[in-house]
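Trainee: Structure below; questions to follow.
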Amino acid sequence: MEVIADPIAMQRRAEAARRWGDRIALVPTMGFLHEGHLTLMREGRARASMLVASIFVNPTQFGPNEDLAHYPRDLSGDLAKLREVPVDVVFTPDREAIYTPGAQTWVEVTELTRGLCGAHRPGHFRGVTTIVAKLFNLVKPHFAIFGEKDFQQLRAIQRMVIDLNFDLEIVPMPIVREKDGLAMSSRNAYLSPDERRDALALSRALFAARDHYVAGMRDAETLRKTALKVIAETPKVELEYLEAVDADTLEWPARADRPILLAVAARVGTTRLIDNIVLGVRRP
């Protein structure tokens, strides 16, 4: 497994691989890897002859009062996990190499990022789409694998790829959950045992709405209120939002004849968590 820190070296390695006929898959991460990340890696391994994982805690997607300085990091542990996949190349640039002095160019998807997390984290998605565009230019993947837990991020990146004519395929992957239903997240490491139990309210709420949908309920607001009722039963969960929107456009109101995204963000203690579920048959 190669570990490359220099962006120019990464770009040259990718260019050489393409000349040799390799198919490249990229899994972008911020490290502190868990089984959810590794599921994405294994999908990339199955699709490509060269698998690249990036590890970069991207400062431009963190707000001034967010957890950039304390975001969990474990590079040696991450590299050990990646060797087991196995990953071919790990790209680990530092901040100064990615954001050079005087940089003033951003990539921004406007409409898809207005609501949900975008309404509560100004500038977050601009930081996400900018770093992902940079990674696409440096790694030159044929496939890029993204988890559906960050559903709004996924939709924004899909839109960016279409709008900017990136020559690659975005591969979405379902949320990976713990046995008790909690969506896997690097930030779960922040939770105390009591907070870990409280955090289960998020998935319980979504699953309750799903049960109503399976039973025939199609009114998006009723489904949302079903989930809200479950959240309210755990007072230590500080709800940021719980919305039912169109799963493709992320617009409200959701329509019964289209897939519905039920998305939630909340704080448990000081930890911000997100989760979602898609109700209805998703079109290709």
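The numbering of the sequence shown is numbering that gives the first Met the number 0, which starts it at 0 and goes up by one. Ideal Cβ positions, reconstructed from N, Cα and C, are used throughout, including at glycine. Note that the structure is predicted; figures quoted are calculated from it, not measured.
1) Going by beta carbon distance, what residues of the same chain come within less than 8 angstroms of M0, once the five residues before and after it are set aside?
2) Ordered along the chain, which non-local residues of its own chain (more than five positions away) have a Cβ less than 8 angstroms from that of R282?
3) Roughly how many angstroms lie between the CA atoms of I311 and E107, to the nearest whole one?
4) Relative to the C-alpha of F145, which candidate in G268, F206, K235, S53 has its C-alpha closest?
5) Which first and last residues belong to the alpha helix (DSSP H) in which S75 is found?
6) If you draw a straight line from the alpha carbon of L67 to that of R120, how long is it in whole angstroms?
7) For N64, name the three-state secondary structure that DSSP assigns.
8) Looking at G30: is its Cβ nearer than 8 angstroms to the Cβ of R72?
9) Would the beta-carbon of A47 fall within 8 angstroms of that of A24?
10) In whole angstroms, what is the alpha-carbon distance linking H33 and S184?
11) Just verifying my parser: in three-state terms, what is the DSSP assignment at A182?
12) At which residue ranges does the region 144 to 195 contain complete beta strand (DSSP E) runs of 3 or more residues, listed in the order of the chain?
13) Taking Cβ to Cβ, would you say M49 is nearer than 8 angstroms to R11?
14) Unbroken beta strand (DSSP E) runs of length 3 or more, entirely within the region 239 to 275: which are they?
15) By DSSP, does T129 sit in helix, in strand, or in coil?
16) Would DSSP call F31 helix, strand or coil?
17) For N136, count the other beta carbons within 10 Å of its own beta carbon; 16 or more makes it buried, fewer makes it exposed. Which is it?
18) Assuming contact is defined by CB atoms lying nearer than 8 angstroms, are V263 and D274 in contact in what I supplied?
19) Determine the contact status of D5 and A96, defining contact as a CB-CB distance below 8 angstroms.
20) Using the Cα positions of L201 and R41, report the straight-line distance between them to the nearest angstrom.
21) Buried or exposed for R254, going by 16 or more other Cβ atoms inside 10 Å?
22) Distance, Cα to Cα, Q126 vs A16?
23) Name the DSSP bridge partner or partners of F206?
Mentor: Looking at the coordinates:
1) Hits under 8 angstroms: L78, L81, R82, P85, V86, D87, V88, V89.
2) In this prediction, R282 scores a pLDDT of 48, lower than 50, which makes its location untrustworthy; the coordinate-derived value is nonetheless stated afterwards. Apart from the 5 residues on each side of it in sequence, R282 sits with its Cβ closer than 8 angstroms to the Cβ of D247, P258 in its chain, given in chain order.
3) With the chain running from 0 to 283 in the structure shown, residue 311 is simply not present.
4) S53
5) 74 to 83
6) 14 angstroms
7) coil
8) yes
9) yes
10) 7 angstroms
11) strand
12) 168 to 172
13) Contact: no.
14) 259 to 267
15) DSSP places T129 in helix when its eight states are reduced to three.
16) coil
17) exposed
18) Yes, they are a contact pair.
19) Contact flag set, yes.
20) 27 angstroms
21) exposed
22) According to the sequence as given, residue 126 is Gly; it is not Gln. Taking the straight line joining both Cα atoms gives about 28 angstroms.
23) In the DSSP assignment, no residue is bridged to F206.
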